[in-house]
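Worksheet: one structure, shown below.
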Amino acid sequence: MDAVTPAPAAVELIALTKQYGPGAVAVDAIDLRIAANSYCCLLGPSGCGKSTTLRMVAGHESTTSGDILLENRNITNLPAAARGTAMMFQSFALFPHLSALDNVAFSLKMKGIGKAERHARAQDILQRVAMGHLAHRKPGELSGGQQQRVALARALITQPRVLLLDEPLSALDPFLRIQMRAELRHWQRELGLTFVHVTHSQEEAMALADTMVVMNQGRIEQAGPPHAVYNRPASEFVARFMGGHNVLQTADGKVAVRNDHIRLAEAGSTGWTATVSDVEYQGTYVLLGLQLDGDGADRNVSVMLSEAAFVDRPWATGERADLSWNPTQAHALAA
Ligand code: ADP
Ligand code: MG
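Numbering (full-length UniProt numbering), first residue to last: 1 to 335.
The following block contains the structure:
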């Protein structure tokens, strides 16, 4: 591909809008391009419009206005089954009484495809996710990871170009959740498909995404690679939602400074004087809570010190300290 031709977008949303009723705008004219063969996470607090966006792409929800393109085809008004998308649901939602093979073959059965052909196709897909040897097992006889692969195979049987996942890991215990997300990442790369994954977990989105899309009240606040969003939050909302940042009111407006980029010194030099209110030992680092002098908003500051820095100068509750940071590490926030 030459330098001027943009890489094809797997999914493109153009001014996509969903209004459930008067004044109830769930998705507000969002524009987004999701690159082919990438892992995209839609991230944001509950109610911000993530699931509505995904359901509109899947064809499970009508649009109020705007367009949805899949590989440059306008799919806005196509039925779900004709779009080239497939959905993977929370907790896998497998039929417990059916074997892995019959779970995967189920949608083909609904389409009236004969037993021999649907079993051959299901076996083939199970093979691709390294589950061919366990095709006869029922979900209850499989580990969580194996169940997820069956769910993945069941979504892949329709040969989608884009796999849509709505909070697929939320119901799992924390240990399994981390294991399963590594598997999802692996299969996205292995299969060369585009995944669009909805989550309210910043940690999950950062771990998985090539492109992270932070949503708030039906709008996109920021989209980009996780490191760019984390290191240069575009708005106060993103800085606060991502965590690990302080929002500070300076003479030039609000800035975000990462809590591990703030330095502490003896009080009396910088003009950013604070009182230590909390000291939490976290193993490899120590998290300090401080309260800035004055009476404005945003006076709570958190500072993360390496264990070595804390051993060097162990701050205690009630002590006075001065804050400073490298100006290049203070990111101006949109008002
Ligand atoms: P998220 O997945 O980010 O938690 P949703 O997309 O489910 O958010 O919801 C976005 C907004 O739309 C919320 O205010 C929600 O209450 C509203 N909403 C979602 N589904 C419906 C519906 N079927 N009818 C009316 N309002 C809805
Ligand atoms: Mg949701």
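Glycine included, C-beta positions come from ideal geometry on N, C-alpha and C.
Check	Outcome
Kindly examine the ligand MG and report whether one of its heavy atoms sits closer than 7 Å to the Cβ of valine 198.	yes
If you draw a straight line from the alpha carbon of alanine 135 to that of serine 99, how long is it in whole angstroms?	7 Å
For the alpha helix (DSSP H) holding aspartate 312, just list the boundary residues, first then last.	307-312
Looking at the secondary structure, which residues open and close the alpha helix (DSSP H) in which glutamine 188 lies?	174-191
What's the gap between the Cα of valine 104 and the Cα of glutamine 179?	22 Å
Between alanine 267 and the rest of its own chain, which residues show a CB-CB distance below 7 Å, the 5 nearest in sequence each way excluded?	Thr273, Arg320, Ala321, Asp322
For the ligand ADP, is there a heavy atom less than 7 Å away from the beta-carbon of residue 347?	As shown, the chain starts at 1 and ends at 335. That puts residue 347 outside it, with no answer to give.
Mind the definition here: the segment 225-237 touches the segment 74-86 only if three or more C-beta pairs lie below 8 Å; say whether that holds.	no
Of all the options His227, Val279, Asn37, Asp31, which has the alpha carbon lying nearest to the alpha carbon of glutamate 12?	Asp31
So if DSSP puts cysteine 41 in a beta bridge, which residue, or which two residues, is it bridged to?	His197, Met212
Within the continuous beta strand (DSSP E) that includes residue 341, where are the two ends?	An answer regarding residue 341 cannot be provided, because it is not within the stretch 1 to 335 covered by the chain.
Between serine 170 and the ligand ADP, is the CB less than 7 Å from at least one heavy atom?	no
Going by beta carbon distance, what residues of the same chain come within less than 7 Å of phenylalanine 237, once the five residues before and after it are set aside?	Asn216, Glu221
In whole angstroms, what is the alpha-carbon distance linking leucine 248 and glutamate 307?	25 Å
Go ahead and pull the three-state DSSP assignment for alanine 29.	strand
If I measure Cβ to Cβ from aspartate 2 and keep anything under 7 Å in the same chain, skipping five residues before and after, which residues do I get?	Annotation note: pLDDT 49 at aspartate 2 (below 50); position unreliable, coordinate value reported separately. Closer than 7 Å at Cβ, skipping near neighbours: no residue.
In whole angstroms, what separates the C-alpha of glutamine 19 from that of serine 46?	17 Å
Which partner residues of leucine 248 appear in the DSSP bridge assignment?	Val255
Could you tell me which residues DSSP puts in a beta bridge with lysine 18?	Val27
Going by DSSP, what residue range makes up the alpha helix (DSSP H) through glutamine 148?	144-156
Mark residue 413 as exposed unless 16 or more other C-beta atoms lie within 10 angstroms of its C-beta, in which case mark it buried.	With the chain running from 1 to 335 in the structure shown, residue 413 is simply not present.
Three-state secondary structure (DSSP) at glutamine 329?	helix
Along the chain, which unbroken stretches of the beta strand (DSSP E) at least 3 residues long are found entirely within the segment 48-91?	65-70, 85-88
Quick one: is phenylalanine 95 buried, meaning 16 or more other Cβ sit within 10 Å of its Cβ, or exposed?	exposed
Does valine 104 come out as helix, strand or coil in the three-state DSSP assignment?	helix
Find the nearest neighbour of alanine 205 within the set Ala228, Arg149, Leu305, judged by alpha-carbon distance.	Ala228
Check whether the Cβ of lysine 50 sits closer than 7 Å to any heavy atom of the ligand ADP, and report yes or no.	yes
Is aspartate 2 helix, strand or coil when you go by DSSP?	Only weak support is given to the placement of aspartate 2: the predicted model assigns it a pLDDT of 49, under 50, and the value that follows is read from those uncertain coordinates. DSSP places aspartate 2 in coil when its eight states are reduced to three.
For serine 38, is the classification buried or exposed, using 16 other Cβ atoms within 10 angstroms of its Cβ as the cut-off for buried?	buried
Just tell me which of Glu167, Leu264, Gly289 has its CA closest to the CA of cysteine 40.	Glu167
Taking contact to mean at least 3 C-beta pairs separated by less than 8 Å, is the segment 123-139 in contact with the segment 49-62?	no
DSSP three-state label for arginine 320, please.	strand
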